[in-house]
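Enquirer: Residue numbers for the sequence shown, in our numbering: 1 to 168.
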Amino acid sequence: AVVSTQSTGATILAKQLVTIRKQKARNLGMKGQIGAVKNKTTVMQSNMKMAQTMKNTTGVMTAMNKQMNPQEMSKVMQEFERENAKMDMTGEMMEDTLDSALAESGDEEESDLIMNQVLDEIGIEIGGKMAAAPSAGSSSLAGPSTAKGQRAPTDADIEAQLRRLADL
1 AVVSTQSTGA TILAKQLVTI RKQKARNLGM KGQIGAVKNK TTVMQSNMKM AQTMKNTTGV
61 MTAMNKQMNP QEMSKVMQEF ERENAKMDMT GEMMEDTLDS ALAESGDEEE SDLIMNQVLD
121 EIGIEIGGKM AAAPSAGSSS LAGPSTAKGQ RAPTDADIEA QLRRLADL
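1. The alpha helix (DSSP H) spanning L165 covers which residue range?
2. Can you tell me which of the three DSSP states I61 falls into?
3. May I ask you to report which of helix, strand or coil DSSP gives R151?
4. For M93, does the three-state DSSP call read helix, strand or coil?
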């Protein structure tokens, strides 16, 4: 009789354990479903806010388009560009006037003299080497040996000329 009572109690406890485990599994499933519903609700709220913001933006853009006249804006921009160009020219003229008023007649010669003194001190002879360099008005880049009527300089001729200039 004692064994049967204990067996009956153990059976009842085992049934309760199975029921509790099933309830726990159902609760976890419900928790997942509630979480999914919460996420869907959050997405829906975000979409509603986005739609409201787009509606407000559309209203602002419509109001701005009604106020803005493209032809008038173009005219204003052209006027601005014209006035800006005038201001630039006036500024350049004032700068040139100030430069010519403040520049003394011997300044350029004095700066050339100082430059030559500095170059002489560091051992650079500018006059002799510049005289040997071809001028921009020469008929050819290939050097003094090329006479008129000969072929145009090739890439090789130009590269050789560059090497000669680098050696100067």
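Glycine included, each C-beta is placed from N, C-alpha and C at the ideal position.
Expert: A quick look at the data gives this:
1. D155 to D167
2. Correcting the residue identity first, residue 61 is Met in this sequence and not Ile. Correct three-state label for M61: helix.
3. coil
4. helix
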